[in-house]
Structure formats: C-alpha cells, structure tokens
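**Student:** Counting from 1, position 211 in the sequence shown corresponds to residue 219 in this note's numbering; the numbering is continuous, with no gaps. Here it is, the structure, as structure tokens.
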Amino acid sequence: MLVEELRNKLDALPPQPGVYLMKDKAGEVVYVGKAASLRARVNQYFQPRTGDERAFIPFLEDLLGDIEVMITPSEKDALLLENELIKKHRPRFNIKLRDDKNFISLRLSRTHPYPRLEVVRRVRKDGARYFGPYASASAIRETLAIVNRHFQLRTCTDQVMANRPLFLEGKADELTAQLGTRMKDAAAKLAYERAAQLRDQLQAIERSLEKQRTVLGDAVDQDVLGYYREGGLLELQLLFFRGGRLSGGRSFSFKKQEFPTEELVMSFLDQYYESGALIPKELLLPIALPDAEAREALLSERKGERVRILVPERGEKARLLEMAAENARHNFEERQRTEKNTFDHLQRLQTRLRLPRLPRRIEGFDISTFQGQLTVGSQVVFTDGEPDKSGYRLFKVRGEAVGDDFAAMFQVLTRRLKRGIEDENLPDLLVVDGGKGQLNVARAALREVGLSLSDVPLAGLAKSRVLENEERFAARQGFRLADAWAEKAGPEPEVPQIEDAAARVGEEV
C-alpha cells in the first residue's frame with residue numbers, strides 16, 4: 009500500500025469500537041483484530057514500538073494491500089465478531105488453536121437423583137458442576153479412581169455426597185479436617201469399621217495432595233499465563249491453580265508470528281476459553297490488555313459469575329507469573345532441541361532414500377477388505393516425524409476394484425493424488441503397504457495423474473518370504489532400503505510405524 013494511500017486510510021478510520029481486517033496485496037485476509045477505537049488501535053501499528061527489535065512497521069507496509077473495518081455497538085460485540093471472522097478466514101498471522109479435544113474436565117449433574125461423574129471435553133452452561141481442567145487422561149483417571157473408591161457415588165450418604173465436591177474443588181484443608189473429626193467420633197463410639205473407612209479416605213486424599221506441592225494463601229481458582237518469545241516463535245504456558253494448589257498446566261507453541269505479543273495473547277485467550285475450557289475466577293496475565301474490561305465482562309457472562317483479569321507486579325501473584333514464564337522458556341528450549349533432532353533425522357532419511365527434498369510430510373497407504381464385500385483404503389500422515397491425525401483419511405473403494413488389493417490401491421492413490429494437485433498439497437514421500445507389485449501400482453497412479461517420482465517419491469514395505477524382518481523398496485531401479493532404518497535412535501519416521509498406523513485406521517471401520 010502506498011504511503012499516501014495508507015495515510016488517507018488511517019485518517020478515515022472511525023473512532024467507534026469494531027473489528028479490522030488486514031488484507032495483503034492479493035486481497036487475502038492475513039490478520040483480524042478488534043478495538044475499542046478502530047482509529048486509535050490501527051494507527052498504533054504504524055507508531056514506533058519501544059522494546060520491539062523486529063522491523064514490524066516496514067513488514068506491515070510491504071504486506072498491506074487494504075484495511076477493512078466493521079463497526080460494532082460495543083467492545084464485547086467486537087470480541088465476538090473477531091472470533092467468528094478468525095474462524096471464517098483463518099488468517100495466517102492470527103493465533104490458531106487446534107481443536108484437539110484436550111480440554112478434559114469432570115461433570116457432576118445437580119439434577120439427577122443419582123448423580124455421577126463423567127469425563128467431558130467441553131464446559132457447557134447446563135446447571136451442572138464442572139471440575140478441572142485436567143492435564144492428561146491419566147490424571148483424570150487417578151482422580152476418578154479415588155472418588156469412586158472412597159466416596160462411592162451412587163450409594164453414598166448425603167454427608168459423603170457433600171464431601172465429593174470439596175475434594176474435586178481442591179478444598180483440602182476443609183475436607184481433611186471434616187474427615188479427621190468424623191474418624192475420631194467414630195472411634196470414640198467404638199465404630200471401628202467406620203473409623204477405618206474414614207482413615208483410608210483421609211490417607212488416600214493426603215497422598216493425592218502430596219503431589220500438589222505448590223500451595224497458595226489465596227484459595228481462589230486461578231489460571232496463570234506466561235510466555236517466551238524469540239522473533240516469530242512464541243511459547244505460551246498456562247498454569248492451573250485450584251483451591252490454592254497447582255493442579256496442572258498446558259503449553260502452546262506458535263510459529264511465524266509477526267504481530268505484537270499483546271495482540272497474540274488476546275487472540276489466544278479468546279479462542280482458548282471459547283473452546284470449552286473451564287473459566288477460572290481469576291486470570292493472571294504478564295501484560296496489560298487494551299480491552300481488559302470488555303474481556304472480563306465476556307468471560308463473566310460465560311462463567312455465570314464475576315471473573316477478574318489481573319496484571320500483578322509484586323507479591324505472591326507476581327511470583328506465579330514468574331513461574332509460568334520460566335515454564336514457557338523451558339518448554340521453548342525443549343521444543344527447539346526436539347525440532348533440531350527431528351530435522352537431523354529427516355535429513356538422514358532424505359540422504360539414505362535419495363529423496364529430492366526433506367520428507368517433512370510422509371503419507372502411508374494400506375488396503376483392507378472385510379468379508380470380501382467392503383474394501384477401504386486408509387491414509388495416515390506423519391508431519392515432521394510425528395503422527396498428524398488431522399490428515400488421516402478413509403477411502404471407500406468402488407466398482408470392480410472391491411476385493412482386488414492392487415486395483416483398490418490404484419483407485420485410492422489416484423483419488424488422493426488428484427486432490428493433492430488441486431489443493432497443492434502433495435506428500436514429500438508416499439509409502440505403500442506392499443512390495444514391488446504395489447510400488448508398480450503406485451507408479452502407474454503417478455503416471456495416471458501426470459506426476460513423476462521427482463514430484464512424489466515412493467517407497468514400499470513388504471514382508472520378506474525368506475527373512476523374518478521386513479524389506480523396504482524405493483521406486484528407483486528396485487533399490488532395497490533395508491539399511492535406511494538401520495539406526496533406531498531418535499524420532500526418525502519409520503516406514504513400519506507408518507504402515508502399522510495405516511492398518512489400524514483401516515481396521516477401525
């Protein structure tokens with residue numbers, strides 16, 4: 009955008025709240041933001057930023073083709089509209105949270121005559137009590153085991169029913185005090201069996217609480233956000249404090265982020281708490297947000313009670329921010345080391361298989377036939393050495409190819425390659441479950457869609473008729489790939505692992 013044209017555009021911006029869409033020179037939306045005052049917020053992008061060493065203003069001026077705005081009645085409406093537009097346009101410079109269904113909580117019905125705890129992935133406004141979030145499936149299983157063993161949900165008394173939320177809410181001191189008093193009362197009344205039951209409950213809870221060593225003076229439920237950034241790489245860390253105890257945390261990593269950190273933090277928070285995560289009573293942030301009041305109002309409305317956003321500078325809460333920031337830095341460094349190791353392994357794989365480029369995206373295909381009637385092809389994807397389940401696909405084989413593994417593989421690969429050409433999304437290495445026969449089929453599929461081995465390299469995996477180990481073949485003069493996986497150290501993507509995953513997908517039909 010020309011300097012004069014940009015100046016005129018900025019001067020004409022309205023002072024009302026709303027949403028702005030930044031577009032590149034091709035007209036594609038590359039960033040969506042919201043503001044209490046569109047004129048003031050957008051103009052801030054073109055003012056020198058203290059402490060920002062990146063050449064952000066020249067970057068933005070070179071990128072921009074246009075700025076489009078939408079006026080809203082309030083800041084809260086701007087927050088809601090921004091989130092919808094991010095979902096619609098998926099701008100490349102906005103934070104994007106994958107819907108990986110990792111927000112695990114426990115739900116307790118308040119209306120059912122025999123309430124039970126159930127694991128849920130989304131918190132809803134349905135009158136139930138929710139507890140969490142839990143860091144992993146193993147953590148939630150451990151909690152459920154303690155609750156079911158010592159509070160016996162469907163058969164327990166009213167007093168035990170009342171104790172259950174105390175345990176899940178992390179109100180440990182109150183709960184252990186109650187149990188201790190009741191245990192002594194039972195012993196005094198010579199009800200030794202009951203006293204022993206209460207003793208077992210008390211010991212189980214104390215063992216569980218021993219793992220939560222961080223104890224705060226303030227028992228308010230809190231989420232604490234820390235971050236670490238190097239250039240376009242951003243690491244965010246959330247720590248969850250429930251009942252004054254550290255109950256877990258989650259880390260998030262983002263790449264190619266050019267916009268200011270406060271913008272990215274705002275976008276992250278909007279998506280995270282809108283995705284079904286449990287909203288705490290307090291949210292501790294390391295930086296002040298320009299629309300904190302509007303965000304407080306929106307979070308309070310979603311939670312059904314007041315939520316406070318704080319930026320503490322001293323005291324216990326400031327130390328929690330330091331803890332979150334230190335965790336973010338540590339996770340960033342660990343992730344960098346892991347990615348370097350993965351890159352090294354991919355480079356070695358590229359060399360050994362004589363691939364024209366780094367195999368960052370590897371796709372594996374397998375054919376399964378059930379009772380001679382239903383034939384499916386399964387596709388699995390490994391991105392940078394890790395399973396990428398968002399790319400997993402099942403292909404229903406049609407027509408005369410049903411029951412014929414070679415014809416089915418040809419049909420599946422042809423359909424996949426055609427779609428890859430249309431979407432400009434072809435794999436760096438394509439692996440088929442089979443030896444030279446299936447490799448020839450894969451070659452034929454490449455020719456069918458007008459591609460060559462330099463466009464999509466091929467490899468095959470077949471059980472040896474003589475040896476117990478597998479043989480690997482590359483589609484280049486029958487080159488045998490047995491040595492390509494000789495070293496097992498590190499996260500090197502292995503063809504057997506890929507084909508095992510493809511077979512499992514096919515079996516799940």
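All residues carry an ideal CB built from backbone N, CA and C; glycine is no exception.
At what residues does the beta strand (DSSP E) containing G73 begin and finish?
**Tutor:** Counted from its first residue, the sequence shown places residue 73 at position 65. G73 -> beta strand (DSSP E) spans L72 to I79.
**Student:** Hey, S45 and P25: beta-carbon distance below 8 Å or not?
**Tutor:** Locating residue 45 in the sequence shown gives position 37, where the first residue counts as 1. Locating residue 25 in the sequence shown gives position 17, where the first residue counts as 1. In contact: S45 and P25 (Cβ atoms closer than 8 Å).
**Student:** Which residues bound the beta strand (DSSP E) around K42?
**Tutor:** To locate residue 42, count along the sequence shown from 1; it is residue 34. Counting along the chain, the beta strand (DSSP E) containing K42 begins and ends at V37 to A43.
**Student:** Tell me the residue span of the beta strand (DSSP E) that contains K404.
**Tutor:** What you label residue 404 is simply residue 396 of the sequence shown in a count that begins at 1. R401 to K404 is the span of the beta strand (DSSP E), which, as asked, contains K404.
**Student:** Does the distance from the C-beta atom of L206 to that of A194 stay below 8 Å?
**Tutor:** Start at 1 with the first residue of the sequence shown, and residue 206 comes out as number 198. Start at 1 with the first residue of the sequence shown, and residue 194 comes out as number 186. Yes.
**Student:** Look at the Cβ atom of G372, then the Cβ atom of V384, and state whether they are nearer than 8 Å.
**Tutor:** For the purposes of this step, residue 372 is taken as residue 364 along the sequence shown, with counting starting at 1. For the purposes of this step, residue 384 is taken as residue 376 along the sequence shown, with counting starting at 1. Not in contact: G372 and V384 (Cβ atoms no closer than 8 Å).
**Student:** Taking Cβ positions, are I317 and L354 nearer each other than 8 Å?
**Tutor:** Residue mapping note: residue 317 aligns to position 309 of the sequence shown, counting from 1. Residue mapping note: residue 354 aligns to position 346 of the sequence shown, counting from 1. Not closer than 8 Å, so no.
**Student:** Measuring straight from C-alpha to C-alpha, what distance separates K264 and L87?
**Tutor:** Here residue 264 corresponds to residue number 256 of the sequence shown, with the count starting at 1. Here residue 87 corresponds to residue number 79 of the sequence shown, with the count starting at 1. If you take the alpha carbons of K264 and L87, they lie about 23 Å apart.
**Student:** How would you label E36, buried or exposed, when you count the other beta carbons within 10 angstroms and need 16 or more for buried?
**Tutor:** Here residue 36 refers to the residue found at position 28 when the sequence shown is read from its first residue. With fewer than 16 other Cβ atoms within 10 Å, it is exposed.
**Student:** Tell me the DSSP secondary structure of F267 in three-state form.
**Tutor:** Stepping through the sequence shown from its first residue, residue 267 is reached at position 259. The answer is coil: DSSP assigns F267 none of H, G, I, E or B.
**Student:** Helix, strand or coil, according to DSSP, for K289 in the structure here?
**Tutor:** Stepping through the sequence shown from its first residue, residue 289 is reached at position 281. In the structure shown, K289 sits in coil (DSSP, three-state: anything other than H, G, I, E or B).
**Student:** When we look at the beta-carbon of A204 and count the other beta-carbons within 10 Å, is it buried (16 or more) or exposed?
**Tutor:** Residue numbering aside, residue 204 sits at position 196 when the sequence shown is read from its first letter. Under this definition A204 is an exposed residue.
**Student:** Under three-state DSSP, which class holds S308?
**Tutor:** The residue given as residue 308 occupies position 300 in the sequence shown. The answer is helix: DSSP assigns S308 an H, G or I state.
**Student:** Report yes or no: do the region 398-409 and the region 461-471 share at least 3 C-beta pairs separated by less than 8 Å?
**Tutor:** No: fewer than three Cβ pairs fall under 8 Å.
**Student:** I'd like to know whether the C-beta atoms of L89 and V38 end up nearer to each other than 8 Å.
**Tutor:** Here residue 89 corresponds to residue number 81 of the sequence shown, with the count starting at 1. Here residue 38 corresponds to residue number 30 of the sequence shown, with the count starting at 1. Result no, Cβ atoms of L89 and V38 do not sit closer than 8 Å.
**Student:** Would DSSP call T391 helix, strand or coil?
**Tutor:** Looking up residue 391 in the sequence shown gives position 383. Correct three-state label for T391: strand.
**Student:** In the structure shown, what three-state DSSP assignment does S259 receive?
**Tutor:** Taking the first residue of the sequence shown as 1, we reach residue 259 at position 251. The answer is strand: DSSP assigns S259 an E or B state.
**Student:** According to DSSP, is L354 helix, strand or coil?
**Tutor:** As a first step, residue 354 must be located in the sequence shown, where it is residue number 346. L354: helix per DSSP, three-state reduction.
**Student:** With 16 as the cutoff for other CB atoms within 10 Å, does G407 come out buried or exposed?
**Tutor:** Here residue 407 refers to the residue found at position 399 when the sequence shown is read from its first residue. Its Cβ having fewer than 16 others within 10 Å, G407 is exposed.
**Student:** What first and last residue would you give for the beta strand (DSSP E) that runs through Q446?
**Tutor:** For this step, residue 446 is matched to residue 438 along the sequence shown. From DSSP, Q446 is part of no beta strand (DSSP E) but of the alpha helix (DSSP H) over K444 to E456.
**Student:** What is the rounded straight-line gap between the Cα of Q419 and the Cα of R362?
**Tutor:** Counting from one through the sequence shown, the residue named residue 419 turns up at place 411. Counting from one through the sequence shown, the residue named residue 362 turns up at place 354. Distance between the alpha carbons of Q419 and R362 is about 27 Å.
**Student:** So, for V50: in the same chain, excluding its five sequence neighbours on each side, which residues have a beta-carbon less than 6 Å away from its beta-carbon?
**Tutor:** As a first step, residue 50 is located in the sequence shown; it is residue number 42 there, counting from the start. So the qualifying residues of the chain are L21 and Y28.
**Student:** Going by DSSP, what residues sit across from G234 in a beta bridge?
**Tutor:** Here residue 234 is taken as the residue at index 226 of the sequence shown, counted from 1. Paired residues: Q245.
**Student:** If you reduce the DSSP assignment to three classes, tell me which class K197 lands in.
**Tutor:** For the purposes of this step, residue 197 is taken as the residue at position 189 of the sequence shown. K197: coil per DSSP, three-state reduction.
**Student:** Residues in its own chain within less than 6 Å of R115 by CB, not counting five upstream and five downstream?
**Tutor:** In the sequence shown, the residue the question calls residue 115 occupies position 107. Answer for R115: E126, V128, A136 and Y138, listed in chain order.
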